[in-house]
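First residue of the sequence shown: 1, per UniProt numbering; consecutive thereafter. Quick reminder that beta carbons are idealized off the backbone N, C-alpha and C, glycines included. Computed from a predicted structure; not experimentally measured.
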Amino acid sequence: MVVVSPTFSVPVEGILMQLPSVQLIVNNDVDLGTATLYITENNVVWGGGTGKHGGPSSTVTLLYPAISLHAIQRDPGPGLILVINHELSLPELTQQGGGDAGQDIDDDYDADEEPMTKLRFVPANENDLEAMFLAMNQGQALHPDPADEVDEDDYLDGEEFDDGDDAFEDAEEVHTSPEEAAARLRQLHLQQENGERNNADERPDERQPADENDDMAEIQ
């Protein structure tokens, strides 16, 4: 299920990762603007930001069964790629020339297959990509499709997934359990917190110098 709405409500339950200032690009050429990305245990929500033309951004909500692939893309630029089995319908797609949404995901797809749309989430800091991917792993693992029989050959395990001129890194953690993904996320958060503490420790000491009279009193 994919829901597009002009209104936005902050998710409050099961948040695995919350990241502001994430750009959303649809099918490589339609920029929807910048908003906050919420990866939760139940869905993926992008919203509460600014659209490409300055107004409020649309809110895009994805349930995990609608997401057929998630991967890290490095070329032509870093981003988290979600391929959804849904043809996204937005005014921006028509205005910016994205009317063929879902038709150019892969030339090898049969025309009779269900429509697909590629969403590219671009964080302000490329270093956040791993945490985004791990959060997606954790959320996706909580919603396996009982109709699918998982075959190791269906996953690329680090190989490149070809999407025309694009290349994806479909990392080996695609089979990571929720517990393993959560542990790795906690580790990344701790590393970030430790880095912030180290930066604070490296700042010049801003404490006021001790009063000279106090020093004299101690010497006496």
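> In or out: MET1 buried (at least 16 other Cβ within 10 Å) or exposed?
Replying inline: Classified as exposed, MET1 has fewer than 16 neighbouring CB atoms from the shown chains inside 10 Å of its CB.
> DSSP three-state call for GLY139: helix, strand or coil?
Replying inline: In the displayed model, GLY139 falls within a helix according to three-state DSSP.
> If you draw a straight line from the C-alpha of VAL45 to the C-alpha of PRO76, how long is it?
Replying inline: For VAL45 and PRO76, the distance between alpha carbons rounds to 24 Å.
>> Given a cut-off of 9 Å on the beta-carbon distance, is the pair SER21 and THR36 in contact?
In response: Yes, these two residues count as a Cβ contact at 9 Å.
>> To the nearest angstrom, how far is the alpha carbon of GLU126 from that of PRO78?
In response: In a straight line, the C-alpha of GLU126 is about 7 Å away from that of PRO78.
> SER57: buried (16+ other C-beta within 10 angstroms of its C-beta) or exposed?
Replying inline: Around the CB of SER57, 16 or more other CB atoms lie within 10 Å, so the residue is classed as buried.
>> Measuring straight from C-alpha to C-alpha, what distance separates ARG120 and PRO65?
In response: ARG120 and PRO65: Cα-Cα distance of roughly 18 Å.
>> If distances are taken between C-alpha atoms only, which option among ASP29, GLN23, ASN27, LEU63 comes closest to GLY48?
In response: Selected option, being the one with the closest Cα: GLN23.
> Is it true that the CB of THR50 sits closer than 9 Å to the CB of PHE8?
Replying inline: No, the pair does not count as a contact, with Cβ atoms beyond the cut-off.
>> At the level of alpha carbons, what is the spacing between ASN27 and HIS70?
In response: Taking the straight line from one Cα to the other gives about 14 Å.
> Helix, strand or coil for VAL44 per DSSP?
Replying inline: In the structure shown, VAL44 sits in a strand (DSSP, three-state: E or B).
>> Checking the sheet assignment: what are the DSSP bridge partners for HIS70?
In response: HIS70 is bridged to LEU82.
> Do you know offhand how far ASN43's Cα is from LEU62's?
Replying inline: Inter-residue distance for ASN43 and LEU62 is about 6 Å (C-alpha atoms, whole angstroms).
> Between SER68, LYS52, PRO123, ASN85, which lies nearest to GLN140 when the distance is taken from Cα to Cα?
Replying inline: Of the candidates SER68, LYS52, PRO123, ASN85, the one whose C-alpha sits nearest the C-alpha of GLN140 is SER68.
> With LEU80 and LEU129 assumed to form a contact (beta carbons below 8 Å), what rounded beta-carbon distance in angstroms separates them?
Replying inline: Indeed they touch by this definition, with Cβ atoms about 6 Å apart.
> Start and end of the beta strand (DSSP E) containing PHE121?
Replying inline: Run containing PHE121: 117-122, per the beta strand (DSSP E) assignment.
> So PRO20 is in the beta strand (DSSP E); what residue range does that whole segment cover?
Replying inline: Counting along the chain, the beta strand (DSSP E) containing PRO20 begins and ends at 15-26.
> Out of curiosity, what's the CA-to-CA distance linking ASN85 and VAL4?
Replying inline: Near 15 Å, if we compare the C-alpha coordinates of VAL4 and ASN85.
> Bridge partners of VAL30, per DSSP?
Replying inline: Looking at the DSSP output, VAL30 bridges to VAL26.
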